[in-house]
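Only one structure is covered here, and it is reproduced in the block below.
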Amino acid sequence: MSLQHHDDRREPLAELSRFRGEFYSCLTARSDALFELADAVLCGDGPVRSLAELSLVGECRRGHGGLYAALAQGRVDADRMRQALASVPLPRAADDRLVLAVDVTCWLRPDAHTSPDRILCHTYGRGKDQHIPVPGWPYSIVCALEPGRSSWTAPLDALRLAPGDDTATVTAWQLRDLVERLIAAGQWQAGDPDVLVIADAGYDAPRLAHLLRDLPVQVLARMRSDRVLRRPAPPRQPHTRGRPARHGGEFVFGQPDTWGTPDTETVTDTRLYGTALARSWDRLHPKLTHRSSWAAADGTLPIVEGTVIRLDIDHLPSGATPKPVWLWWSGTDATAADTDRLWQAYLRRFDIEHTFRLFKQTLGWTWLILAAYTQLRLARPLAADRRRPWERPVPAGRLTPARVRRDFRHIRPTAACPARAPKPTSPGPRRPPGRKNTRPTPRHDVHTPRKTGTTTTRAKKSTNPRPRRTG
9 MSLQHHDDRR EPLAELSRFR GEFYSCLTAR SDALFELADA VLCGDGPVRS LAELSLVGEC
69 RRGHGGLYAA LAQGRVDADR MRQALASVPL PRAADDRLVL AVDVTCWLRP DAHTSPDRIL
129 CHTYGRGKDQ HIPVPGWPYS IVCALEPGRS SWTAPLDALR LAPGDDTATV TAWQLRDLVE
189 RLIAAGQWQA GDPDVLVIAD AGYDAPRLAH LLRDLPVQVL ARMRSDRVLR RPAPPRQPHT
249 RGRPARHGGE FVFGQPDTWG TPDTETVTDT RLYGTALARS WDRLHPKLTH RSSWAAADGT
309 LPIVEGTVIR LDIDHLPSGA TPKPVWLWWS GTDATAADTD RLWQAYLRRF DIEHTFRLFK
369 QTLGWTWLIL AAYTQLRLAR PLAADRRRPW ERPVPAGRLT PARVRRDFRH IRPTAACPAR
429 APKPTSPGPR RPPGRKNTRP TPRHDVHTPR KTGTTTTRAK KSTNPRPRRT G
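Structure representation (structure tokens):
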């Protein structure tokens, strides 16, 4: 190994060792077994299917009984873990801006009757045009995105939603706590560009921007194509009686005659989508009412202005018919460069789906897995391409998380390992044969929202067209 290559590996290896030490300090019970469990997940081959199989991995020095006890009795200090994740090097956009993607994904647990606080989660893709509710645990995940096309993200926080939680309120609290941690860790300083938060259409973007208005945060989210926004109120004419108008004319997404002349218009040639036409309209806001998430608000509701961007493309890589994408940005006075930067940043939001798939299909799903995935990301510059004979070679900087995981067992001996060796023990006494378990695990029902009223007749389905979403 050359001296230059040795120096290039020294800094990533030191950062990996530092994080492994921070991760070990976050474990408050059964720390050694939990730490080795994370190493077994990283060094194993293929998806993680059971703890018994993980105990057979060479890097795991404890039996399957110790791993089961680690998950049952072990504890992770989530607050310290969040601080450790916020202090690692994070990817940034081309303008040195932190870009965060927030989304809710469900860990389906249909047969886990002993798991509390399960909610009916809507699942997609389980049949043609079928959306089936399945009991599970919804998690709100926040990840830092990389600037280009990649299957890598940097998970920073995970929060399980409880029954009855308002998604916008919980997400705003989660983002506020995360941004404050990033500022405390030196990831954002005065004079840096505002942090860009990207969300999908399931979030109330104006409400999210209103709740985070005192932080250096900008919100970019997709909106449904049936929304109706309002323009600024026109200037009040002299000698006009009555209450001043708070809203201007309507901007209906589905009616082009209400759009008017766009403030910016750009045309970009892309490799995957052909010609991309982006138009933006400045200072549009929803007409809020005292219902839904604004029902508990007191007094006059605020006017949350932003920029609306419509993106049209020629074709999709799958061959499907493309539909226009409507985006709402919490900033105003957007330039043509801002419009292009924003819609391209929104496309990077889908990189978080690669992380979700790796969590669910390969690694598992706990705070333990977030720590394991962060170790994979930190080991990315150290990994060699141990490809299968039928796979194509990949440059060192383009390795996927799955390929970095293949080489982690060769990186692990060079990194710090604070876990202590297991002590030799003998199996404890079992329950005597024929004696039943006198302490059964409590079972919990799936939480379903209850409707008010005692009427038993089913309401007739409305034949009117779908109403416009004005709020």
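Each residue of the sequence shown is one higher than the one before, starting from 9 at the first, in this note's numbering. The beta-carbon is built from N, C-alpha and C at its ideal position, and this holds for glycine as well. All figures in this text were calculated on a predicted structure; none of them were measured in a lab.
- Per DSSP, reduced to three states, the secondary structure at T131 is strand.
- Listed as beta-bridge partners of Y147 by DSSP are T113, R168.
- For T274, same chain residues with a beta-carbon under 6 Å away, outside a window of 5 residues either side, are A286, A344, T347, D348 in chain order.
- For L386, same chain residues with a beta-carbon under 7 Å away, outside a window of 5 residues either side, are P20, E23, L24, F27, V96 in chain order.
- Where I419 is concerned, there is no enclosing beta strand (DSSP E), although the alpha helix (DSSP H) around it starts and stops at 409-419.
- Counting only residues of its own chain and dropping the five nearest sequence neighbours on each side, F416 has a CB closer than 8 Å to the CB of L50, C51, Q383, L384, A387, A391.
- A37 and R83 have their alpha carbons spaced roughly 5 Å apart.
- The beta carbon of P332 is closer than 6 Å to those of R318, D320 in its chain, skipping five residues each way along the sequence.
- Per the coordinates, the alpha-carbon of C129 lies some 5 Å from the alpha-carbon of P141.
- Here the alpha carbon of I127 sits roughly 21 Å from the alpha carbon of R365.
- If you check the CB distance, R394 and R414 come in under 8 Å.
- D212 and V112 have their C-alpha atoms some 13 Å from each other.
- In terms of Cα proximity to V312, the closest of L355, R279, R215 is R215.
- Bounds of the alpha helix (DSSP H) holding T179 are 175-192.
- If you look at S58, you'll find it isn't in any alpha helix (DSSP H); DSSP assigns it neither H nor E.
- Between the region 183-201 and the region 113-125 there are fewer than three inter-stretch CB-CB distances shorter than 8 Å, so the stretches are not counted as touching.
- Secondary structure of P432 (DSSP, three-state): coil.
- Three or more Cβ pairs closer than 8 Å define a contact, and the region 234-245 meets that threshold against the region 289-303.
- DSSP, reduced to helix, strand and coil, places F27 within a helical segment of the structure shown.
- Between the region 66-85 and the region 100-112, the count of Cβ pairs shorter than 8 Å is below three; the stretches do not touch.
- Across the structure, T374 and L98 are spaced so that their CA atoms are roughly 21 Å apart.
- Straight across, the Cα-Cα distance linking A217 with W336 is about 10 Å.
- According to DSSP, residue pairing for F259 in a beta bridge involves L237.
- Here the alpha carbons of A328 and V316 stand approximately 25 Å from one another.
- By a beta-carbon distance limit of 8 Å, E154 does not contact W145. Their separation comes to about 27 Å.
- The alpha carbon of A109 has as its nearest neighbour, out of F31, P224, L355, the alpha carbon of L355.
- Its Cα nearest to that of R90, the residue L376 stands out among L376, T408, D453.
- Cβ neighbours of L190 within its own chain (closer than 6 Å, five residues either side excluded): A94, W196.
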